Amino acid sequence: MSAVLAPAAPHAATEIEPQRLAAAGLRAFARIAEAWGLSVDEQLCLLGQPPRSTFFAWRKQPERAALSRDTLERLSNLLGIYKSLQILLPDAAAADAWVRQPNSAAPFGGRSALERMLAGNVSDLNLVRRYLDGVRGGGWS
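Residue numbers for the sequence shown follow numbering that gives the first Met the number 0, so the first one is 0 and each next one is one higher.
If you want it as C-alpha cells, here you go:
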C-alpha cells in the first residue's frame, strides 16, 4: 500500500524571509554607504536607480521595502565586496578607502573600483566582487 502525501502548507516564516533579508541587506548597505562616504546619487546608482522617494522610504523603513530581484542581486554583490575587503584589508579604514583608489588591475584600467561599480550595471558590481574573490584565493593581482 502506498501513502499519498499532501503537499505541505506554506510556512509563514518562508513567506516573510525574503522581506527580512531585504531589510537586513538595506541596513547593511546603509552602513557600507557611510563607511565608503557615498553620496545619495552614488547610492542610488549602486542600487539600480530606484526613485529617490522609494530610496528614502527604504532608508526610513527597510522592513517594508519590496525589493526587485535586480536590487537584491546588487545588494548581494555589494555585501560580498565589503566582506572581501574586510578580509583582505583587516584595517577598516584601508578597506573602506580601497574602493576610491585608482587601481591598475585589468578590470579597472586605472580607475577606482567605485568608478567601475558606478557604471550602473549589475555586471560591474559582479565583476568587482569576482575580482576580489579571486584575489582572496590567490593574492593581489
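Even for Gly, the Cβ is constructed at its ideal location relative to N, Cα and C.
None of these values were measured; they are calculated from a predicted model.
Under DSSP, residue 101 forms a beta bridge with 111.
Note on residue 24: 16 or more other CB atoms within 10 angstroms of its CB, so buried under the neighbour-count rule. The DSSP-derived three-state label of residue 49 is coil. When the five nearest sequence neighbours on each side are left out, no beta carbon in the same chain lies closer than 6 Å to the beta carbon of residue 89. Each of 136, 52, 61, 120 was checked against the Cα of residue 76, and the nearest Cα belongs to 120. Here the alpha carbon of residue 44 sits roughly 6 Å from the alpha carbon of residue 117. Nearest C-alpha to residue 29 among 78, 69, 63: 78. Distance check between residue 133 and each of 93, 87, 74 places 87 closest, using alpha-carbon atoms only. Residues 101, 102, 103 of the same chain have their beta carbon placed closer than 8 Å to that of residue 109, with the five preceding and five following residues left out of the count. For residue 36, there is no enclosing alpha helix (DSSP H), as DSSP marks it with neither H nor E. Taking C-beta atoms as the reference points, residue 127 and residue 135 fail to come closer than 8 Å. Spanning the alpha carbons of residue 46 and residue 19 requires a straight line of approximately 18 Å. When only Cα atoms are considered, residue 34 and residue 95 end up about 6 Å apart. DSSP places residue 67 in no alpha helix (DSSP H); its state is neither H nor E.
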